[in-house]
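According to the UniProt record's numbering, the sequence shown holds residues 1 to 951 in order.
For each residue, glycine too, the CB sits at the ideal point set by N, CA and C.
Here's the structure, in structure tokens; my notes come after.
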Amino acid sequence: MESRRDRGGGSSADAGGGKLDRRVSVLKSNSKSMLLRSQTGDFDHNRWLFETKGKYGIGNAYWSKEEAYNGVDAGMTLNDFMDKPWKPLTRKISVPAAVISPYRVLIVIRLVGLGFFMSWRVRNPNEDAMWLWGISIVCEFWFAFSWLLDQLPKVNPINRAADLAALKEKFEQPSPSNPQGRSDLPGVDLFISTADPDKEPPLVTANTLLSILAVEYPVEKVSVYISDDGAAILTFEAMAEAVNFAELWVPFCRKHNIEPRNPDSYFSIKKDPTKNKMKPDFVKDRRWIKREYDEFKVRINGLPDAIKKRCEMYNSKQLEMKDQKENSTEEGDKIDQVEEATWMADGTHWPGTWFKPATDHKKGDHAGILQIMSKVPESEPVMGYHDEKKLDFTGIDIRLPMFAYVSREKRPGYDHNKKAGAMNALVRASAVLSNGPFILNLDCDHYIYNSMAIREGICYMMDRGGDRVCYVQFPQRFEGIDPSDRYANHNTVFFDGNMRALDGLQGPVYVGTGCMFRRYALYGFHPPRANEYTGIFGQYKQPAPNIQGQPDQEEAADAQTTGLHPDLELPKKFGNSTVFTDSIAVAEFQGRPLADHASVKNGRPPGALTAPRAPLDAPTVAEAVAVISCWYEDGTEWGDRIGWIYGSVTEDVVTGYRMHNRGWRSIYCITKRDAFRGTAPINLTDRLHQVLRWATGSVEIFFSRNNAFLATRRLKFLQRLAYLNVGIYPFTSIYLCVYCFLPALCLFSGQFIVSGLSVVFLCYLLGITTCLILLSLLEVKWSGIALEEWWRNEQFWVIGGTSAHLAAVLQGLLKVLAGIEISFTLTSKSAAEDEDDVYADLYVVKWTSLFVMPLTIIVVNLVAVVIGIAKTIYSVIPQWNKLLGGCFFSFWVLAHMYPFAKGLMGRRGRVPTIVWVWSGLLSITVALLWITISPPDGGGVNVVNTSIEII
Numbered sequence: 001m002e003s004r005r006d007r008g009g010g011s012s013a014d015a016g017g018g019k020l021d022r023r024v025s026v027l028k029s030n031s032k033s034m035l036l037r038s039q040t041g042d043f044d045h046n047r048w049l050f051e052t053k054g055k056y057g058i059g060n061a062y063w064s065k066e067e068a069y070n071g072v073d074a075g076m077t078l079n080d081f082m083d084k085p086w087k088p089l090t091r092k093i094s095v096p097a098a099v100i101s102p103y104r105v106l107i108v109i110r111l112v113g114l115g116f117f118m119s120w121r122v123r124n125p126n127e128d129a130m131w132l133w134g135i136s137i138v139c140e141f142w143f144a145f146s147w148l149l150d151q152l153p154k155v156n157p158i159n160r161a162a163d164l165a166a167l168k169e170k171f172e173q174p175s176p177s178n179p180q181g182r183s184d185l186p187g188v189d190l191f192i193s194t195a196d197p198d199k200e201p202p203l204v205t206a207n208t209l210l211s212i213l214a215v216e217y218p219v220e221k222v223s224v225y226i227s228d229d230g231a232a233i234l235t236f237e238a239m240a241e242a243v244n245f246a247e248l249w250v251p252f253c254r255k256h257n258i259e260p261r262n263p264d265s266y267f268s269i270k271k272d273p274t275k276n277k278m279k280p281d282f283v284k285d286r287r288w289i290k291r292e293y294d295e296f297k298v299r300i301n302g303l304p305d306a307i308k309k310r311c312e313m314y315n316s317k318q319l320e321m322k323d324q325k326e327n328s329t330e331e332g333d334k335i336d337q338v339e340e341a342t343w344m345a346d347g348t349h350w351p352g353t354w355f356k357p358a359t360d361h362k363k364g365d366h367a368g369i370l371q372i373m374s375k376v377p378e379s380e381p382v383m384g385y386h387d388e389k390k391l392d393f394t395g396i397d398i399r400l401p402m403f404a405y406v407s408r409e410k411r412p413g414y415d416h417n418k419k420a421g422a423m424n425a426l427v428r429a430s431a432v433l434s435n436g437p438f439i440l441n442l443d444c445d446h447y448i449y450n451s452m453a454i455r456e457g458i459c460y461m462m463d464r465g466g467d468r469v470c471y472v473q474f475p476q477r478f479e480g481i482d483p484s485d486r487y488a489n490h491n492t493v494f495f496d497g498n499m500r501a502l503d504g505l506q507g508p509v510y511v512g513t514g515c516m517f518r519r520y521a522l523y524g525f526h527p528p529r530a531n532e533y534t535g536i537f538g539q540y541k542q543p544a545p546n547i548q549g550q551p552d553q554e555e556a557a558d559a560q561t562t563g564l565h566p567d568l569e570l571p572k573k574f575g576n577s578t579v580f581t582d583s584i585a586v587a588e589f590q591g592r593p594l595a596d597h598a599s600v601k602n603g604r605p606p607g608a609l610t611a612p613r614a615p616l617d618a619p620t621v622a623e624a625v626a627v628i629s630c631w632y633e634d635g636t637e638w639g640d641r642i643g644w645i646y647g648s649v650t651e652d653v654v655t656g657y658r659m660h661n662r663g664w665r666s667i668y669c670i671t672k673r674d675a676f677r678g679t680a681p682i683n684l685t686d687r688l689h690q691v692l693r694w695a696t697g698s699v700e701i702f703f704s705r706n707n708a709f710l711a712t713r714r715l716k717f718l719q720r721l722a723y724l725n726v727g728i729y730p731f732t733s734i735y736l737c738v739y740c741f742l743p744a745l746c747l748f749s750g751q752f753i754v755s756g757l758s759v760v761f762l763c764y765l766l767g768i769t770t771c772l773i774l775l776s777l778l779e780v781k782w783s784g785i786a787l788e789e790w791w792r793n794e795q796f797w798v799i800g801g802t803s804a805h806l807a808a809v810l811q812g813l814l815k816v817l818a819g820i821e822i823s824f825t826l827t828s829k830s831a832a833e834d835e836d837d838v839y840a841d842l843y844v845v846k847w848t849s850l851f852v853m854p855l856t857i858i859v860v861n862l863v864a865v866v867i868g869i870a871k872t873i874y875s876v877i878p879q880w881n882k883l884l885g886g887c888f889f890s891f892w893v894l895a896h897m898y899p900f901a902k903g904l905m906g907r908r909g910r911v912p913t914i915v916w917v918w919s920g921l922l923s924i925t926v927a928l929l930w931i932t933i934s935p936p937d938g939g940g941v942n943v944v945n946t947s948i949e950i951i
């Protein structure tokens, strides 16, 4: 130690041991300048670095031997810092305790308060109006139960974040197992679903396809499929045009890092397009590609006329040939009648549906179609070059992902199971052609808004424990919604509140689009590890028995699954395609996380997915055509245990429920930039019919084996409550409708739900309401939604509950009990007044039977307020407290119904005639009914006589 101090040139007072010598530099020279301090009295470290030519080192820990502390070897070399520490791909971000703790406390306080309040209500009936008291008690008990089902799953909301840099470092950088640095990421198959080009414009679908083809993911790992369930030639040729335009659009996006990569949305952006763009040829390129896109739109818009003219030309030639044959044949010989066919550009018959339906060429009766429009790309990047007629793509990868047009076979007598059947056909076809271990499905009007979205989803699948994730659900974001969001189309309370909270349990529900699936989980298999939850509240957790088996081991699987819950039985009947069944094990292996750390279970070795894909051959494509035939699912478990589940309008929720029921978990991925964007109906009628379809599916779930009451022990208790609420929430409409009429009944009868507005009742009401408001404010805080969005959601909950939800319950009950199908269709429609107005459809009034109940509630409450005020003013002994209670609750109902009333008025408050007719009929009916039930007292003489008798 002494020699060390001597070599350092310092005194014994300055030295405190070897560690201190290495940490606090001992100067090589005795220069006085090195002892100078700054004016603040602190050591001038910058000057010390300058005069000693020192370095901070790597992480303030490593120093080279030449510049070590006074030549002392610390025993560390640069190699000690070459092995980087293991990095997780994702991290969980908890909601701050300052927000979530009071939130949970308030839930408990309100729950206790509701218990005391309901107990007080039961013990204090209104003897003068027992019927009002009884109705209100039943409704309030149901509302308390419904609130509990909705609130309890929200006790553990979380946020998540993905590390894209770590993903690139792990899977796309050179390493001993991947010396060339090829992408080791798993493949992703992207599905687009469409059915009718008249309702889903081909230009919208083409823009969605373009945004997918330009996604930021290894090109050779991406395969795109479109399911055209209408087999329309218009969609087919529009997709072909889109692929041709993609050869220009995709390299342009890569060259200039364009966002979003939907050309229609990109060119509609109102902000400065040159922001953050530094390449000098950007303006020229953008101007050129804009002109090309305009020409592309014109070609798409002109396709219907071009196809019809082509068909007329070929059909006329066929007629001419028929006439020539008839003239050349002998009399008596008959020539088959020439059908008016639909022709492709190559002069052959279109195998799908024709403009004039014919046998084998109409909806529900046509052959299966599979066309590879963009071949499997090369495994190595193909760089572009300078072309004077096009853009300069020098140094830009110009490859396109593989793209296939698919239309499954349909024949009479087969149940094709709508969208779920179409998606299952795509699952089988994609397994044969590309077999990506992950599947991302999108509706034709939902495009990729964030080109890095797929990478963020893959982070959760490839992270430690990701092998237990069945799907990653992204939130749905919408464009074209009116600024006030009158009918809560954005649905932010659900997507930013409920779904974020479910992510803290077992995962969000599947909502139909913008979801990345693990293919192996979609096949109905179990996760590699699962837990079972026992006890009344599922408080005891234990590892679930591992039930594994291959689809060809039917006998072993039967022995293993004896006595299990039906959802826990292993899938066995995949169909007779050996190519498909052989692909299952491959997809499972490729979907495993990277085994780059001891804590990663069920992983795969690094570099296993760097081999190039083999090109497609004719037998493979023929096999893919075979698996989309209408008979392939006969005698299989498709739709029952495998793939998208059949038997419900909301097949998405049921499919996700089955996966959770097997022990899988899901992830909710909220990206900083929206992952996907789509469109939503802004018209009142369209919005209510959308809600009607969702609610009808929920009623079907409640009356099926997918009811959460029948779930397995692998479903967490709070997750079970969330799924139970999915099936029960439409039934709240019955009690909500009754409760909305209660204020009017109070005003008509002069009574109230309680005997009087006592201090106890008002204190209970104030406490419960205040607690609910505070809960809502805290929920707004942790979910990030706005107060206006929360209020719009509350308003539309009442509007939808009294219309679409009630109709769904009626429809579901009639279907289950009597087998009667009821559909609510539009009966009249007024045209939009301003075609140039983006929100013109908001003001279009389309009368539907769903309007009857909300309109009745509004009219009855308005009439009741008028009658109640009149009765109170002209009564001998006015009951002002009861009038005040009735009017307050009537105005509460009317405030929630305000968006509905505004929607009925159309633009500039023009109320349709049918609304006036209904309002008048309802007003007269209510008045006559009340006069019949409670006739008014006689004139003044009788009153005097009555008073005399009392005296």
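Asked: Tell me the DSSP secondary structure of arginine 477 in three-state form.; Found: strand
Asked: From which residue to which residue does the alpha helix (DSSP H) around glutamate 532 run?; Found: Where glutamate 532 is concerned, there is no enclosing alpha helix (DSSP H), although the beta strand (DSSP E) it sits in stretches over 531-534.
Asked: The alpha helix (DSSP H) with lysine 375 in it runs from where to where?; Found: Counting along the chain, lysine 375 falls outside any alpha helix (DSSP H), and DSSP gives it neither H nor E.
Asked: Checking the sheet assignment: what are the DSSP bridge partners for aspartate 443?; Found: Ser193
Asked: Using only alpha-carbon positions, find the residue among Gly756, Lys716, His689 and Asn683 that is nearest to lysine 902.; Found: Asn683
Asked: Quick check on DSSP: helix, strand or coil for arginine 182?; Found: coil
Asked: Methionine 344 bridges to which residues according to DSSP?; Found: DSSP lists no partner for methionine 344.
Asked: On the criterion of 16 or more Cβ atoms from any shown chain inside 10 Å, does lysine 410 qualify as buried, or is it exposed?; Found: buried
Asked: Where does phenylalanine 888 land, buried or exposed, given buried means 16+ other C-beta within 10 angstroms?; Found: exposed
Asked: Under the three-state reduction of DSSP, which class applies to alanine 786: helix, strand or coil?; Found: coil
Asked: Looking only at DSSP bridge pairs, what is methionine 423 linked to?; Found: Paired residues: none, contrary to the question.
Asked: What distance in whole Å lies between the Cβ atoms of leucine 842 and aspartate 482, which are believed to be in contact at a cut-off of 8 angstroms?; Found: 5 angstroms
Asked: When burial is assigned at 16 or more other CB atoms within 10 Å of the CB, is serine 119 buried or exposed?; Found: exposed
Asked: Excluding the five sequence neighbours on either side, which residues of its own chain have a C-beta within less than 7 angstroms of the C-beta of aspartate 443, listed in chain order?; Found: Ser193, Thr513 and Gly678
Asked: List the DSSP bridge partners of proline 96.; Found: Answer by DSSP bridge pairing: none, since proline 96 is not bridged.
Asked: Can you give the Cα-Cα distance for isoleucine 948 and leucine 855, rounded to whole angstroms?; Found: Because the pLDDT of isoleucine 948 is 33, which lies under 50, any placement of that residue in the model is unreliable, and the number read from its coordinates should be weighed accordingly. Straight-line Cα distance between these residues: approximately 46 angstroms.
Asked: With 16 other CB atoms within 10 Å as the buried threshold, where does aspartate 272 fall?; Found: exposed
Asked: Following the continuous beta strand (DSSP E) through methionine 402, name the residue where it begins and the one where it ends.; Found: 402-407
Asked: Taking the beta strand (DSSP E) that glutamine 542 belongs to, which residues open and close that run?; Found: 540-543
Asked: Alpha carbons only, please: which of Glu247, Glu651 and Ile628 is nearest the one belonging to aspartate 397?; Found: Glu247
Asked: When the distance is taken between beta carbons, is aspartate 392 closer than 9 angstroms to isoleucine 670?; Found: no
Asked: I need the boundaries of the alpha helix (DSSP H) containing asparagine 315, first residue and last residue.; Found: 282-328
Asked: Reducing DSSP to helix, strand and coil, say where tyrosine 723 ends up.; Found: helix
Asked: Counting beta carbon pairs with one atom in the segment 130-138 and one in the segment 734-751, are three or more of them shorter than 8 angstroms?; Found: yes
Asked: Mapping the DSSP letters down to three states, classify threonine 208 as helix, strand or coil.; Found: helix
Asked: Where leucine 814 and arginine 477 are concerned, what is the direct C-alpha to C-alpha distance, given to the nearest angstrom?; Found: 35 angstroms
Asked: Taking the straight line between their C-alpha atoms, what separation do you get for tyrosine 460 and methionine 402?; Found: 25 angstroms
Asked: Give me the Cβ distance between proline 527 and glycine 635, rounded to the nearest whole Å; I'm assuming they're in contact under 8 angstroms.; Found: Actually they are not in contact, since the Cβ atoms of proline 527 and glycine 635 sit about 27 angstroms apart, beyond 8 angstroms.
Asked: Measure the alpha-carbon distance for asparagine 417 versus glycine 639 and round it to whole angstroms.; Found: 9 angstroms
Asked: For asparagine 602 versus arginine 592, is the C-beta spacing smaller than 9 angstroms?; Found: yes
Asked: When burial is assigned at 16 or more other CB atoms within 10 Å of the CB, is proline 681 buried or exposed?; Found: buried
Asked: Which residues in the same chain have their Cβ closer than 7 angstroms to the Cβ of arginine 658, if we skip the five residues on either side of it in sequence?; Found: Asp567 and Ile645
Asked: For leucine 234, I'd like the list of residues in its chain whose CB is within less than 7 angstroms of its CB, leaving aside the five on either flank, ordered along the chain.; Found: Pro197, Pro202, Leu303, Pro304 and Ile307
Asked: CA-CA distance, valine 224 and asparagine 435?; Found: 11 angstroms
Asked: Let me check one thing: in DSSP terms, what residues is isoleucine 226 bridge-paired to?; Found: Ile192 and Tyr405
Asked: Does proline 681 come out as helix, strand or coil in the three-state DSSP assignment?; Found: coil
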